[in-house]
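Read the structure below first, then the notes.
Protein chains: 2
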Amino acid sequence: MRSELISVRDLPTDRATVFSSEHGDGNGLEDLFDADCFARYAALAVDRLADHLADQSIRGLALTDPALILAAATELTQGGTPDNPELHAQKFAEIIDLYARTGIQVYSPGYMGRQFSGPFPVTAVVDLVSAVLTQPASFYEAGQLPNVVERIMGGELNRFLGFPADQFAMVTTSGGSLANLTALLAARNRRYPEAWAKGLAGSGLRPAIAVSDDVHYSITRAAGILGIGEEHIVRLPVDNGRRIAAGEVRGALDAAAARGLDVFCLVASAGSTSVGAIDPFDALADIAAERGLWLHADGAHGASLLVSDRLRSRLGGLERVDSLTWDAHKTMFVPAACTMLFYRERTASLMAFQQEASYVFEKTADIYTAFDAAEKNFECTKRPMIMSLWVPWALYGSAPFAEKLELLCDLTEETHAILTHAPDFVPLHRPDTNILCFRYLPPEPLDDDALGRLQCEIRTRIRARGEFFISKVDLDGHAALRVVFMNHRITPEHIHLLLNEIRAVAHAIREEQPHHKELPQ
Amino acid sequence: MRSELISVRDLPTDRATVFSSEHGDGNGLEDLFDADCFARYAALAVDRLADHLADQSIRGLALTDPALILAAATELTQGGTPDNPELHAQKFAEIIDLYARTGIQVYSPGYMGRQFSGPFPVTAVVDLVSAVLTQPASFYEAGQLPNVVERIMGGELNRFLGFPADQFAMVTTSGGSLANLTALLAARNRRYPEAWAKGLAGSGLRPAIAVSDDVHYSITRAAGILGIGEEHIVRLPVDNGRRIAAGEVRGALDAAAARGLDVFCLVASAGSTSVGAIDPFDALADIAAERGLWLHADGAHGASLLVSDRLRSRLGGLERVDSLTWDAHKTMFVPAACTMLFYRERTASLMAFQQEASYVFEKTADIYTAFDAAEKNFECTKRPMIMSLWVPWALYGSAPFAEKLELLCDLTEETHAILTHAPDFVPLHRPDTNILCFRYLPPEPLDDDALGRLQCEIRTRIRARGEFFISKVDLDGHAALRVVFMNHRITPEHIHLLLNEIRAVAHAIREEQPHHKELPQ
Numbered sequence: 032m033r034s035e036l037i038s039v040r041d042l043p044t045d046r047a048t049v050f051s052s053e054h055g056d057g058n059g060l061e062d063l064f065d066a067d068c069f070a071r072y073a074a075l076a077v078d079r080l081a082d083h084l085a086d087q088s089i090r091g092l093a094l095t096d097p098a099l100i101l102a103a104a105t106e107l108t109q110g111g112t113p114d115n116p117e118l119h120a121q122k123f124a125e126i127i128d129l130y131a132r133t134g135i136q137v138y139s140p141g142y143m144g145r146q147f148s149g150p151f152p153v154t155a156v157v158d159l160v161s162a163v164l165t166q167p168a169s170f171y172e173a174g175q176l177p178n179v180v181e182r183i184m185g186g187e188l189n190r191f192l193g194f195p196a197d198q199f200a201m202v203t204t205s206g207g208s209l210a211n212l213t214a215l216l217a218a219r220n221r222r223y224p225e226a227w228a229k230g231l232a233g234s235g236l237r238p239a240i241a242v243s244d245d246v247h248y249s250i251t252r253a254a255g256i257l258g259i260g261e262e263h264i265v266r267l268p269v270d271n272g273r274r275i276a277a278g279e280v281r282g283a284l285d286a287a288a289a290r291g292l293d294v295f296c297l298v299a300s301a302g303s304t305s306v307g308a309i310d311p312f313d314a315l316a317d318i319a320a321e322r323g324l325w326l327h328a329d330g331a332h333g334a335s336l337l338v339s340d341r342l343r344s345r346l347g348g349l350e351r352v353d354s355l356t357w358d359a360h361k362t363m364f365v366p367a368a369c370t371m372l373f374y375r376e377r378t379a380s381l382m383a384f385q386q387e388a389s390y391v392f393e394k395t396a397d398i399y400t401a402f403d404a405a406e407k408n409f410e411c412t413k414r415p416m417i418m419s420l421w422v423p424w425a426l427y428g429s430a431p432f433a434e435k436l437e438l439l440c441d442l443t444e445e446t447h448a449i450l451t452h453a454p455d456f457v458p459l460h461r462p463d464t465n466i467l468c469f470r471y472l473p474p475e476p477l478d479d480d481a482l483g484r485l486q487c488e489i490r491t492r493i494r495a496r497g498e499f500f501i502s503k504v505d506l507d508g509h510a511a512l513r514v515v516f517m518n519h520r521i522t523p524e525h526i527h528l529l530l531n532e533i534r535a536v537a538h539a540i541r542e543e544q545p546h547h548k549e550l551p552q
Numbered sequence: 032m033r034s035e036l037i038s039v040r041d042l043p044t045d046r047a048t049v050f051s052s053e054h055g056d057g058n059g060l061e062d063l064f065d066a067d068c069f070a071r072y073a074a075l076a077v078d079r080l081a082d083h084l085a086d087q088s089i090r091g092l093a094l095t096d097p098a099l100i101l102a103a104a105t106e107l108t109q110g111g112t113p114d115n116p117e118l119h120a121q122k123f124a125e126i127i128d129l130y131a132r133t134g135i136q137v138y139s140p141g142y143m144g145r146q147f148s149g150p151f152p153v154t155a156v157v158d159l160v161s162a163v164l165t166q167p168a169s170f171y172e173a174g175q176l177p178n179v180v181e182r183i184m185g186g187e188l189n190r191f192l193g194f195p196a197d198q199f200a201m202v203t204t205s206g207g208s209l210a211n212l213t214a215l216l217a218a219r220n221r222r223y224p225e226a227w228a229k230g231l232a233g234s235g236l237r238p239a240i241a242v243s244d245d246v247h248y249s250i251t252r253a254a255g256i257l258g259i260g261e262e263h264i265v266r267l268p269v270d271n272g273r274r275i276a277a278g279e280v281r282g283a284l285d286a287a288a289a290r291g292l293d294v295f296c297l298v299a300s301a302g303s304t305s306v307g308a309i310d311p312f313d314a315l316a317d318i319a320a321e322r323g324l325w326l327h328a329d330g331a332h333g334a335s336l337l338v339s340d341r342l343r344s345r346l347g348g349l350e351r352v353d354s355l356t357w358d359a360h361k362t363m364f365v366p367a368a369c370t371m372l373f374y375r376e377r378t379a380s381l382m383a384f385q386q387e388a389s390y391v392f393e394k395t396a397d398i399y400t401a402f403d404a405a406e407k408n409f410e411c412t413k414r415p416m417i418m419s420l421w422v423p424w425a426l427y428g429s430a431p432f433a434e435k436l437e438l439l440c441d442l443t444e445e446t447h448a449i450l451t452h453a454p455d456f457v458p459l460h461r462p463d464t465n466i467l468c469f470r471y472l473p474p475e476p477l478d479d480d481a482l483g484r485l486q487c488e489i490r491t492r493i494r495a496r497g498e499f500f501i502s503k504v505d506l507d508g509h510a511a512l513r514v515v516f517m518n519h520r521i522t523p524e525h526i527h528l529l530l531n532e533i534r535a536v537a538h539a540i541r542e543e544q545p546h547h548k549e550l551p552q
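Chains as they are written, first to last, in the working numbering: chain A, 32 to 552; chain B, 32 to 552.
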């Protein structure tokens with residue numbers, strides 16, 4: 032019996048034939064590793080993925096009870112056997128269909144909810160190539176082209192960033208959280224040269240990190256990991272655009288010093304996760320220079336704006352930071368993870384990790400080991416992730432990246448204008464990037480708490496209806512709705528459809544619960 | 032002018048036609064994101080990758096001057112433009128060919144050098160599917176199937192591992208280094224409950240970690256990162272099989288305590304990186320229980336032996352550790368990274384990270400958030416890596432994994448026998464897994480230092496000749512040759528070919544430098 036979630040299209044006859052057992056020669060492992068086997072799986076997947084990409088209908092997420100998916104996936108897990116190609120084809124097709132159907136529909140204009148997106152299709156094919164070729168990229172020997180390409184892409188992007196061309200360094204790593212951790216580690220080790228070898232315990236130090244109140248959770252997490260302590264995070268107030276209030280930073284730092292804290296690092300966002308705000312880097316760089324602080328920019332989301340001539344000025348001062356996290360898998364539209372960590376000074380890039388292992392690190396430098404990345408990145412085995420960014424860059428140039436970002440940022444501003452003019456909505460900030468937070472305002476006045484609960488309920492019901500996918504965020508303790516535009520196929524017409532969907536949902540809630548008393552906390 | 036490294040096959044006419052500009056409708060971005068575009072790139076790549084997979088010739092690595100690759104890649108980087116499909120096809124083909132040609136040839140029987148391998152081809156196709164579908168897997172909402180599948184695969188593999196079925200937990204993360212760091216963080220936080228919030232500085236603590244002298248560098252690195260300090264690594268002596276000498280552990284721990292160190296964690300290897308040794312887990316678990324230590328197993332390389340009925344007993348006692356790192360991208364033959372971190376107790380899995388962020392962590396638990404992984408793994412955006420392991424498991428069952436591991440371990444034992452009987456070679460240990468270290472012995476006696484330098488020179492020349500790819504490792508301060516068998520196509524005949532290649536190279540060295548005086552240090 033097939034569980035109800037497995038109800039896929041039948042395989043066309045020709046495809047089933049291709050997978051028929053006459054193609055296997057009963058040679059066990061060899062059949063599963065051979066080139067024909069690869070080509071057959073690839074043909075099956077590409078056909079289905081192309082259909083998926085071609086579907087432009089408006090849809091969000093088919094949120095499903097985990098118990099149902101668990102039942103379907105458990106059934107698929109059973110009965111595997113190495114020598115039944117027809118079964119392999121059937122199961123693989125069912126898996127792809129189940130996988131696609133239960134995902135957030137990122138290629139649909141109904142998807143407006145998160146910071147990931149359907150990548151440039153060529154980059155997904157690059158992932159396939161990289162998976163087959165198997166070149167872990169921490170060492171030149173194991174990935175000659177990826178290591179060289181890292182250097183090239185560092186230079187290409189630094190033309191926009193503006194670090195000193197002969198001094199900067201760039202290293203790829205597995206995600207923005209790891210890049211942020213690595214940068215904070217370098218900063219910690221620069222300030223406390225003995226921390227790496229001797230540890231922090233017993234040092235008598237009181238290291239602390241100053242961050243925006245809206246900083247990403249990976250930064251406060253890093254404080255917990257690095258032995259600094261989450262309580263030694265100094266939170267800097269934000270202004271009404273939710274950017275660090277530069278005028279209040281010196282006072283906050285003085286207050287921290289008065290409490291005996293040694294703030295060694297200041298972290299600001301180039302596109303905060305909650306609202307996409309870009310902190311005032313020029314003013315912050317002045318303060319960092321004045322106080323001898325390492326200034327780290329978490330540009331995971333917004334650093335890509337550098338690539339656009341029209342948007343670049345929004346990131347003024349970014350060339351003055353000590354380190355910058357930049358996720359190509361967010362707003363450069365390549366598969367996750369593809370994160371770059373830039374350092375203004377190459378010497379700083381060597382401060383994060385300090386050691387050797389004979390089977391990996393060669394003691395004698397040569398022309399090959401000069402390209403090794405492993406002393407600068409956390410991973411020993413690292414995906415050659417830069418290839419997914421370099422290939423579209425080499426094929427298309429920078430123009431499509433800039434064009435897409437401009438379209439998305441323009442759409443966000445237009446949405447802000449639409450919300451401003453709508454009597455039943457209120458935008459909560461001017462957008463700096465492609466993220467916008469807002470609230471629906473019901474006809475009857477509600478206190479902040481009830482209004483926040485209403486937004487949560489709206490978001491949950493919108494998700495459940497499956498046409499649109501948006502997110503929610505807490506701002507100053509109360510929930511708001513949040514859109515992130517990652518798909519260039521979204522038009523203002525889709526925004527109007529979304530707002531009407533929200534109105535319809537809110538109306539239904541009001542009908543059911545006139546006093547909003549029963550909304551979940 | 033094309034640089035010399037770009038000298039690829041011409042594109043067949045039909046392929047060039049498929050990419051002709053008549054297929055683009057001049058619609059800018061849309062052309063680069065559409066389904067047909069995807070299908071064309073995929074067809075081009077699959078064709079070339081199938082040829083690559085079918086090539087069974089004996090070859091290692093075409094190690095190339097980085098300057099040459101830099102010139103070729105720089106040329107490919109230039110001239111990108113969004114609206115020239117013929118150029119895109121031509122460049123993409125050139126890139127794939129350059130990428131394949133300059134990599135370690137992992138599908139060839141000449142490849143015997145590292146711990147990565149050509150994956151099951153279906154798993155590379157899964158990577159393609161995952162890249163297109165875009166489902167970051169830290170949150171159920173964003174990756175329903177991957178999150179459910181993590182639970183299923185945890186259960187499937189735990190049947191072999193033997194943690195209490197109703198208490199264990201498993202989380203995937205981006206590589207063995209990150210899994211090791213996460214486990215040590217959980218251990219640190221269990222022993223020092225205030226470390227996360229208050230930090231280690233000023234605590235007066237003297238935390239320390241006891242490890243095998245052969246432990247992977249990510250463990251000592253973790254001590255530097257976590258604020259424990261590399262100097263607070265207590266190194267445990269190894270026996271002549273390079274396994275932790277269990278009889279000497281209590282003494283080493285007592286000596287550490289006498290120096291004022293508080294050892295809270297003991298790290299052992301299930302397959303050490305240097306020689307593949309499996310530490311004596313039963314004896315170590317006794318000691319850990321006695322002393323209240325967290326016992327972590329770095330099974331990145333060798334945990335997979337659990338899947339084989341014949342090999343499982345080599346890992347006796349592994350069911351008693353507190354945590355286990357297991358890289359499926361090593362000896363389960365799937366693309367990197369696919370790392371699993373197992374905890375014997377689910378409560379322990381929640382100790383590594385401790386916090387909230389409103390836009391990601393839902394305050395109100397529901398049936399969906401119960402499947403979220405983000406509180407247990409480091410990443411915010413995480414690849415749905417488990418899919419690459421689950422798909423072959425669901426299609427083929429566990430048998431091909433076990434069969435391949437048995438073949439590789441048998442071959443390693445046979446190689447040990449061959450080396451034992453060869454008068455001019457000496458194996459340096461009995462293999463516990465699929466890794467074997469040995470030295471070539473020249474006719475004239477050499478001191479340890481000169482003998483080590485000879486091995487290095489042999490390894491470098493073998494690599495340069497391009498037929499075989501092996502690695503080297505330092506054991507007790509002197510270099511040795513090292514083979515890692517990851518390819519089931521390697522036969523004893525290939526071993527004999529390798530040994531003859533080593534003899535020929537050594538002979539050439541002797542002819543040039545009769546006294547080995549000029550070998551590089």
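From the three backbone atoms N, C-alpha and C, an ideal C-beta is built for every residue, glycine too.
Query                                                                                                                                                            : Result
State the DSSP-derived secondary structure class of A388 of chain A, mapped to helix, strand or coil.                                                            : Low local confidence applies: a pLDDT of 44 at A388 of chain A is under 50, so the model's placement there is unreliable, with the coordinate-based value given in what follows. Reduced to three states, the DSSP call for A388 of chain A is coil.
Along chain B, which residues have their Cβ under 7 Å away from the Cβ of L164 of chain A?                                                                       : Y130, A131, G134
At the level of alpha carbons, what is the spacing between A495 of chain A and D403 of chain B?                                                                  : 18 Å
How would you call R414 of chain A, buried or exposed, if buried means at least 16 neighbouring beta carbons within 10 angstroms?                                : buried
Which residues of chain A have a Cβ atom closer than 8 Å to the Cβ of F151 of chain B, listed in chain order?                                                    : L63, F64
Quick check: is the beta carbon of E542 of chain B nearer than 8 Å to any beta carbon in chain A?                                                                : no
Out of curiosity, what's the CA-to-CA distance linking M416 of chain A and Q198 of chain A?                                                                      : 23 Å
Quick check: the segment 232-243 of chain B against the segment 255-262 of chain B, are there 3 or more CB pairs under 8 Å?                                      : yes
Note down the Cα distance separating R190 of chain A from L336 of chain A, rounded to an integer number of angstroms.                                            : 13 Å
In whole angstroms, give me the CA-to-CA distance for A289 of chain B and A232 of chain B.                                                                       : 22 Å
Kindly list, in the order they appear in chain B, the residues whose Cβ is closer than 8 Å to that of Q175 of chain A.                                           : L94, T95, P97, I100, T133, G134
Going by DSSP in three states, S300 of chain A sits in which element: helix, strand or coil?                                                                     : strand
Is there a Cβ from chain A that is less than 8 Å from the Cβ of S208 of chain B?                                                                                 : yes
By a C-beta neighbour count over all protein chains shown, 10 Å radius and 16 as the cutoff for buried, is E172 of chain B buried or exposed?                    : buried
With a cut-off of 8 Å, do at least 3 Cβ pairs link the segment 476-496 of chain A to the segment 127-137 of chain A?                                             : no
Please list the partners that T112 of chain B has in chain A, where partner means a Cβ-to-Cβ separation under 9 Å.                                               : L426, Y427, G428, A430
Tell me the start and end of each unbroken alpha helix (DSSP H) in the segment 412-486 of chain A that is at least 4 residues and wholly inside, in chain order. : 417-427, 430-452
Going by beta-carbon coordinates alone, are A73 of chain B and A70 of chain A separated by less than 8 Å?                                                        : no
Quick one: list the residues of chain A neighbouring D158 of chain B, beta-carbon separation under 7 Å, in chain order.                                          : D158, L159, A162
Would you mind reading off the limits of the alpha helix (DSSP H) that contains K361 of chain B?                                                                 : 359-362
Ends of the alpha helix (DSSP H) at C123 of chain A?                                                                                                             : In the sequence on display, residue 123 of chain A carries Phe and not Cys. 116-132 is the extent of the alpha helix (DSSP H) around F123 of chain A.
Please name the residue, chosen from A:P476, A:V457, A:C440, that lies closest to F469 of chain A on a Cα-to-Cα basis.                                           : A:V457
Can you list, in chain order, the stretches of the alpha helix (DSSP H) that have 4 or more residues and sit fully within the segment 215-296 of chain A?        : 226-229, 248-256, 280-289
Give me the subset of the segment 251-263 of chain A whose CB atoms are less than 7 Å from a CB atom of chain B, sorted by chain position.                       : T251, R252, G255, I256, L257, G258, I259, G260, E261, E262, H263
Chain C beta carbons: is any one of them nearer than 8 Å to that of Q385 of chain B?                                                                             : Any reference to chain C falls outside this structure, whose protein chains are A and B.
W357 of chain A and V180 of chain A look like a contact to me (Cβ under 8 Å); what is the Cβ gap, rounded to whole Å?                                            : In fact, because the Cβ distance is near 16 Å, the residues do not count as touching under 8 Å.
For a contact meaning CB atoms closer than 8 Å, what does P238 of chain A contact in chain B?                                                                    : G230, A232
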